[in-house]
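Right, one structure below, let's go through it.
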Amino acid sequence: MGKIAVSLYLSLDGIMEEPAWTMPYWNDEIAKFQSEMLLFSTDALLLGRETYEGFAAAWPTMKDEDGFADKMNTMPKYVATTTLENPKWNATFIKENFADEVAKLKQNTDQNLLIYGSAQIIRQLMERNLIDDYHLIVHPLVLGKGKRLFTSEMEKKDLKLVDIKTTKTGVTIMSYQPEEDSSRLQNGETHQSTKQVTQP
Numbered sequence: 001m002g003k004i005a006v007s008l009y010l011s012l013d014g015i016m017e018e019p020a021w022t023m024p025y026w027n028d029e030i031a032k033f034q035s036e037m038l039l040f041s042t043d044a045l046l047l048g049r050e051t052y053e054g055f056a057a058a059w060p061t062m063k064d065e066d067g068f069a070d071k072m073n074t075m076p077k078y079v080a081t082t083t084l085e086n087p088k089w090n091a092t093f094i095k096e097n098f099a100d101e102v103a104k105l106k107q108n109t110d111q112n113l114l115i116y117g118s119a120q121i122i123r124q125l126m127e128r129n130l131i132d133d134y135h136l137i138v139h140p141l142v143l144g145k146g147k148r149l150f151t152s153e154m155e156k157k158d159l160k161l162v163d164i165k166t167t168k169t170g171v172t173i174m175s176y177q178p179e180e181d182s183s184r185l186q187n188g189e190t191h192q193s194t195k196q197v198t199q200p
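What the sequence shown shows, in UniProt numbering, is residues 1 to 200, in sequence order.
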């Protein structure tokens with residue numbers, strides 16, 4: 001069975017929209033965390049249409065010495081969309097019953113799937129208890145308005161904090177697992193990224 005992880009940039013008041021505001025806080029610590037999660041713990045991406053279109057326009061021309069861009073460009077992507085045609089950038093479009101299809105994908109493969117952004121996808125999969133790890137990268141500012149990850153319509157979910165790190169720029173990287181799955185930590189069965197963040 002595969003696993004699903006979330007990596008998300010948030011403000012203190014839970015806003016995730018238009019993350020250009022994260023740039024003043026970006027440093028080598030955040031880059032290392034993101035790079036290790038993608039390179040060592042991720043086999044494919046789950047993306048919403050808007051995130052996919054933004055990534056597909058930018059990443060194919062990028063290169064780096066660490067292999068992050070190569071991994072980003074070559075790995076499979078599963079995209080929730082009802083409007084796009086002609087998938088590119090190693091994408092498979094899921095046009096209906098997205099949560100059902102992701103549940104099948106998780107059940108029938110051993111892939112580790114990573115979600116970048118895509119609040120609606122995260123909420124859908126949370127409702128189905130399909131997410132195994134949440135990596136919330138919280139920035140020390142309040143935006144006041146914008147798209148929020150957690151809304152008043154969502155049901156209560158119990159999460160267990162399994163790791164936390166504060167960067168030199170004041171960003172807090174918090175890793176959570178669903179409370180009912182916290183026994184995985186005792187058995188050593190965690191995403192590589194959760195282990196990596198504690199390294200000096």
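Where is the CB? At the ideal position from N, CA and C, for every residue including glycine.
- Residue pairing by DSSP places residue 177 opposite 160 in a beta bridge.
- Within 10 angstroms of the beta-carbon of residue 162 lie 16 or more other beta-carbons, which makes it buried.
- Scanning the segment 90-175 for uninterrupted beta strand (DSSP E) segments of 3 residues or longer gives 91-94, 112-116, 133-139, 159-166, listed from N- to C-terminal end.
- Ranked by how close their Cα comes to the Cα of residue 7, the residues 141, 145, 157, 131 have 131 in first place.
- With a beta-carbon spacing of about 5 angstroms, residue 25 and residue 139 fall inside the 8 angstroms limit used to define contacts.
- DSSP places residue 63 outside both helix and strand once states are collapsed to three, so it counts as coil.
- Sequence-distant Cβ neighbours of residue 147 in its own chain, meaning closer than 8 angstroms and more than five residues away, are 15, 16, 17, 119.
- 8 angstroms or more divides the Cβ of residue 46 from the Cβ of residue 137.
- Taking a contact to require three or more Cβ pairs closer than 8 angstroms, the segment 142-160 and the segment 85-93 do not qualify as touching.
- Annotation: residue 88 is outside any beta strand (DSSP E) and is labelled neither H nor E by DSSP.
- Taking the C-beta atoms as reference points, residue 80 is found nearer than 8 angstroms to residue 49.
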